[in-house]
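In the working numbering, the protein residues as written are 7 to 252. Beta carbons: idealized from backbone N, C-alpha and C, even for Gly.
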C-alpha cells in the first residue's frame, strides 16, 4: 500500500504526511472517513509512532485531517481548504477589503452560473430549489439564513463539475457574512427573487440569463454593502467573519 520512506529526502514526518495523503487518494477516502490508527500506520510505514503522530499534526494544520477525541483520525470535512488562505484577517482596511471581495465575486460568480447552466443535472437543480425553499422559510420566520445562502452558492459552484471551483467558494462567499445584520424586508425580498431567477435559468440551461441573474444579484449585494454602517467594518467584527468562513 505504502512506498518505503526515503531517509535521504525531506524530513521524515513530511514524507509520512505525503504517504498518508497518498493513502487518502488511492483509497478514495471521503470527508469524514476514518484513517488507520497510529499503530497501524507506523507498522505499514516502518517508522515510529512518534513520527506518525508528527505527520498527523502536520496534516491537521493543513486541514487535511481532523482528530476527534476518543474516536480517531478522520479526513477533514474541508480537506486542504484553509479558513483564511489569503490572509484576509491581516488586511487593515476592512471596508476596502469587503468591497474588493465583492468585486472578486462579480468577476467569478456570473461565469460560474453560466457554467452551471450548461452542465447541471436535474438532481443539482432539485437541490438548489430545495435550498431556496429553506432560505425562504427561514426568512419568513425571521431566522438567520446566511449559512444557507452560502450553501446555495456552493451548490451552484459544485454543479459546474469543475474540480477546482469548490475550493474557491470559501474565498468568494466571505462577503455573504457581511450581510448578517441586514433585516430589511425589501432586501429579503430581493434575495428571494434573485435566488429564484438564478436557479430557474440554470434549470432551463439558459447560460446567458443565469449569468445575468447572478450579476444582478451581486449588484444588489454591492448596493446593500455600501449601506452597511461603519461599525460593520471594525476589526473585531470582520475578523470574526473570516474565522467562521465555510
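Taking its Cβ as the centre, do 16 or more other Cβ atoms sit within 10 Å of residue 123, making it buried, or is it exposed? Label assigned to residue 123: buried.
Looking at residue 130: is its Cβ nearer than 9 angstroms to the Cβ of residue 197? No, the Cβ-Cβ distance between residue 130 and residue 197 is not below 9 angstroms.
What first and last residue would you give for the alpha helix (DSSP H) that runs through residue 50? Boundaries of the alpha helix (DSSP H) harbouring residue 50: 44–51, taken from the DSSP string.
Which listed residue (42, 174 and 212) has its alpha carbon closest to that of residue 114: Of 42, 174 and 212, the residue nearest in Cα terms is 174.
In this structure, does DSSP put residue 81 in helix, strand or coil? In this structure, residue 81 counts as strand in the three-state DSSP scheme.
Considering only the alpha carbon of each residue, which of 44, 212, 195 and 228 lies closest to residue 121? Considering only alpha carbons, the answer is 212.
Residue 49 versus residue 23: straight-line alpha-carbon distance, rounded: Cα to Cα, the separation comes out at about 15 angstroms.
According to DSSP, simplified to helix, strand and coil, what is residue 101? In this structure, residue 101 counts as helix in the three-state DSSP scheme.
Tell me which residue opens and which closes the alpha helix (DSSP H) that residue 210 is part of. Taken as a continuous stretch (DSSP letters only), residue 210 belongs to no alpha helix (DSSP H), as it is neither H nor E.
What residues in its chain sit with their C-beta under 6 angstroms from that of residue 55, if we drop five residues either side in the sequence? Cβ within range, chain order: 44 and 48.
By DSSP, does residue 40 sit in helix, in strand, or in coil? Residue 40: strand per DSSP, three-state reduction.
Among the candidates 194, 17 and 201, whose CA atom is the shortest distance from the CA of residue 147? Taking only the C-alpha atoms, the option nearest residue 147 is 194.
So, with DSSP's three-state summary, where would you put residue 251? Unreliable positioning characterises residue 251 in this predicted model, as indicated by a pLDDT of 44, which lies under 50. A coordinate reading is not provided.
Using a Cβ-Cβ cutoff of less than 6 angstroms, which residues in the same chain neighbour residue 72 once the five nearest sequence positions on both sides are dropped? Exclusion of the five residues before and after residue 72 leaves 80 and 82 as the residues of its chain whose Cβ lies within less than 6 angstroms of its Cβ.
Report, in whole angstroms, the separation of the C-beta atoms of residue 224 and residue 111, which I expect to be a contact under 8 angstroms. Contact between residue 224 and residue 111 holds: their C-beta atoms lie close to 6 angstroms from each other, under 8 angstroms.
Own chain partners of residue 19 with C-beta closer than 7 angstroms, once the 5 adjacent residues on each side are dropped: The beta carbon of residue 19 lies closer than 7 angstroms to those of 57, 60, 61 and 64 in the same chain, with the five residues before and after it left out.
First through last residue of the alpha helix (DSSP H) which encompasses residue 146: Boundaries of the alpha helix (DSSP H) harbouring residue 146: 128–146, taken from the DSSP string.
Tell me which same chain residues have a C-beta within less than 6 angstroms of the C-beta of residue 221, skipping the five on either side of it? In its chain, beyond the 5 residues on either side, 116 have a beta carbon closer than 6 angstroms to the beta carbon of residue 221.
6 angstroms CB neighbourhood of residue 165 in its chain, flanking five on each side removed: Closer than 6 angstroms at the Cβ level, and outside the excluded window around residue 165, lie 122, 126 and 130.
Who are the near neighbours of residue 39 in its chain, counting only those whose CB is closer than 6 angstroms to its CB and skipping five residues on each side? Shown here for residue 39: same chain residues with a beta carbon closer than 6 angstroms to its own, the five before and five after excluded, namely 81 in chain order.
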